[in-house]
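Beneath this line is the structure, given in structure tokens, with notes to follow.
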Amino acid sequence: MTDQEATTDNGNKDDQQVLDKPCAKCGIQRAGKIAKFYYGGEFEEDDQSELGKIVKRKRVFFRVMASDDIPICDQCLKKYQLTRLIPSALAGLFSLAALVVSAIRFYGTFPDWDPLYLPIMTFFLYGLIHMLFKVVDQLNTPVLRDKMAIEMNKRRLGRQYRYFTQDEHRRFKIKK
Numbered sequence: 002m003t004d005q006e007a008t009t010d011n012g013n014k015d016d017q018q019v020l021d022k023p024c025a026k027c028g029i030q031r032a033g034k035i036a037k038f039y040y041g042g043e044f045e046e047d048d049q050s051e052l053g054k055i056v057k058r059k060r061v062f063f064r065v066m067a068s069d070d071i072p073i074c075d076q077c078l079k080k081y082q083l084t085r086l087i088p089s090a091l092a093g094l095f096s097l098a099a100l101v102v103s104a105i106r107f108y109g110t111f112p113d114w115d116p117l118y119l120p121i122m123t124f125f126l127y128g129l130i131h132m133l134f135k136v137v138d139q140l141n142t143p144v145l146r147d148k149m150a151i152e153m154n155k156r157r158l159g160r161q162y163r164y165f166t167q168d169e170h171r172r173f174k175i176k177k
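As structure tokens, then:
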């Protein structure tokens, strides 16, 4: 084994960290990473005067809270990724096939200059591009791990919150 192969083997071992806790989805302690997300929303509180009496007006503010660390194994993440990836890929293939068929029909009617197929081709081209973006989005595993944690905890926390992945929270600006 050469030095380069040894470094790649060590790099692969470092990537596969066994979780300290069992996976939140399957309950088995496997290789994976910790997911975390943020949630928040507009909250109303009663305004209090200096004397401590509650005034009838409400104060609305926006608060963002962090979730606990949620361990998710790589196998559960792969299953979650495939259940979301396969429908998007199939819809993209359908759009590609429909685009090719409408392009062939447009090419057949080109001497007559029948513009009927142009909007149809545009529609299927848009569908193909949209599905390609969805497929590429599903391949981003750190963000997908956070989205999986959000989906698992949505019922427990409630639907009144807005949920953020760690990446979205980094871009989120809080005005003081």
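Under the numbering used here, the first residue of the sequence shown carries the number 2, and numbering increases by one thereafter.
Quick reminder that beta carbons are idealized off the backbone N, C-alpha and C, glycines included.
Practice problem: Could you check the C-alpha separation between I151 and R85 for me, to the nearest Å? | Solution: Annotation: I151 to R85 spans about 15 Å, alpha carbon to alpha carbon.
Quiz prompt | Of the listed residues R160, Q167, Y118, nearest to F38 (C-alpha basis) | solution = Taking the Cα of F38 as reference, the smallest distance to any Cα among R160, Q167, Y118 is reached at Q167.
Practice problem: Pair every Cβ in the segment 113-125 with every Cβ in the segment 138-146, then say whether three or more of these pairs are closer than 8 Å. | Solution: No, because fewer than three Cβ pairs between the segment 113-125 and the segment 138-146 fall closer than 8 Å, the two stretches do not touch.
Quiz prompt | Pairwise C-alpha distance: A104 and D21 | solution = In this structure, the CA atom of D21 is about 55 Å from the CA atom of A104.
Quiz prompt | Closest residue to G93 among P120, V19, L133, M122 (Cα-Cα distance) | solution = Ranking the options by Cα distance to G93, first place goes to L133.
Quiz item: Taking buried to mean at least 16 other C-beta atoms within 10 Å of its own C-beta, is F111 buried or exposed?
Solution: Looking at its Cβ environment, which holds fewer than 16 other Cβ atoms inside 10 Å, F111 is exposed.
Quiz item: Quick one: any contact between the segment 88-102 and the segment 62-76, if contact means 3 or more CB pairs under 8 Å?
Solution: Inter-segment contact for the segment 88-102 and the segment 62-76 is absent: fewer than three beta-carbon pairs are separated by less than 8 Å.
Practice problem: Answer yes or no: do A25 and D75 have a C-beta to C-beta separation smaller than 9 Å? | Solution: Cβ distance not < 9 Å, so A25 and D75 don't count as in contact.
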